[in-house]
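Here the structure is laid out as structure tokens; the discussion comes afterwards.
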Amino acid sequence: MSGKPKLHYFNGRGRMETIRWLLAAAGVEFEESYLEKKEDLTKLQKDGSLLFQQVPMVEMDGMKLVQTRAIANYIATKYNLCGKDLKERALIDMYVEGMFDLNELLMTYGYQPADKKEQHFANMMDKATNRYFPVFEKVLKDHGKDFLVGNQLSRADVQLLELILMAEEFKPDILAQFPLLQSFKALHHSFEASYRNTFF
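Residue numbers are given in my numbering: position 71 of the sequence shown equals residue 76, and the series is strictly consecutive.
Here you go:
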């Protein structure tokens, strides 16, 4: 297979959103194939396209890639978004894994039963403001640059911007006590606007 990567997922953000952001950061145009009914997923499962019988799946460079982290790792490595050396990559991976943890909390809010939503919301806001965002605020302060790692854009920056925007949908003032994260968001806002104009 050649040409644009083809993304197979439901018509929503979910686990594919990080992959879209990384491709956009790399300046790579892609196509989307939405699974609109159960039969669409079943067809992919039956024809052997889904190694573990689930999406997201990305057709790229002659491969059918599955598992969100594996896909993101491949894109980040291919397009130089994973640091200049092994140490930078280790830091990027460490920050990204923390982001995935918070991302999971935010993504699963909509699936909570009605009687659990309030508790889940309180938990994810508490973890965002007291566990995760303070870490990235400190990283930016200690690093003293516009990026989390090194001196160029990495997947950690891309995924942090995505995470900030998602958290702000739940609580618009969530960055109130994080001035460096506010600056980080403002600095990378042009990338966000470009992403949305190009792919939405």
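All C-beta atoms, glycine included, are put in the ideal place defined by N, C-alpha and C. Since this is a predicted model, take the numbers as computed values, not measurements.
Limits of the alpha helix (DSSP H) - the one that residue i falls within
{"i": "Ser188", "result": "Pro184 to Leu192"}
{"i": "Tyr1", "result": "No answer is possible for residue 1: the residues shown for the chain start at 6 and end at 205."}
{"i": "Tyr116", "result": "Element bounds for Tyr116: n/a, residue is neither H nor E."}
{"i": "Leu49", "result": "Lys43 to Lys51"}
{"i": "Leu27", "result": "Glu22 to Ala30"}
Local Cβ density within 10 Å of residue i, reported as buried at 16 or more and exposed below that
{"i": "Arg160", "result": "buried"}
{"i": "Met68", "result": "exposed"}
{"i": "His193", "result": "buried"}
{"i": "Phe39", "result": "Looking at the sequence itself, residue 39 is Tyr, so the reference to Phe does not match. That one is exposed."}
{"i": "Gln59", "result": "exposed"}
{"i": "Asn108", "result": "buried"}
{"i": "Phe204", "result": "For Phe204, the predicted model reports a pLDDT of 49, less than 50, meaning its position is unreliable and no value from the coordinates is stated."}
{"i": "Ala30", "result": "buried"}
{"i": "Glu61", "result": "One detail in the question is off: residue 61 reads as Pro in this sequence, not Glu. Counting Cβ neighbours within 10 Å, Pro61 comes out buried, since at least 16 surround it."}
{"i": "Gly186", "result": "In the sequence under discussion, the amino acid at residue 186 is Leu, which differs from the Gly named in the question. Leu186 is buried by the Cβ-count criterion."}
{"i": "Gly53", "result": "exposed"}
{"i": "Leu158", "result": "buried"}
{"i": "Pro10", "result": "buried"}
{"i": "Gly155", "result": "buried"}
For residue i, the three-state DSSP class (helix, strand or coil)
{"i": "Glu142", "result": "helix"}
{"i": "Tyr84", "result": "coil"}
{"i": "Leu12", "result": "strand"}
{"i": "Leu70", "result": "strand"}
{"i": "Phe204", "result": "For Phe204, the pLDDT reaches just 49, beneath the cut-off of 50, and the residue's location in the model is therefore unreliable, although a value from the coordinates is still provided. If DSSP states are grouped into helix, strand and coil, Phe204 belongs with the helices."}
{"i": "Gly19", "result": "helix"}
{"i": "Ala181", "result": "coil"}
Residue i, enclosing beta strand (DSSP E) - first and last residue
{"i": "Glu36", "result": "Glu36 to Tyr39"}
{"i": "Val63", "result": "Met62 to Met65"}
Any chain C beta carbon closer than 9 Å to residue i
{"i": "Gln50", "result": "Judged by its chain identifiers, the structure shown contains no chain C, having just a single protein chain."}
If we count Cβ pairs, one from each stretch, closer than 8 Å, do we get three or more for the segment 76 to 91 versus the segment 128 to 141? no
For the pair the segment 177 to 193 and the segment 104 to 120, tell me if three or more CB-CB distances fall below 8 Å. no
Take every Cβ of the segment 19 to 27, pair it with every Cβ of the segment 64 to 76, and state whether three or more of those distances are shorter than 8 Å. yes
Every unbroken alpha helix (DSSP H) inside the segment 121 to 176 [4 residues or more]: 138 to 148 and 160 to 175
Below 8 Å, how does it come out for the segment 97 to 104 and the segment 158 to 174: are there three or more Cβ pairs, yes or no? Inter-segment contact for the segment 97 to 104 and the segment 158 to 174 is present: three or more beta-carbon pairs are separated by less than 8 Å.
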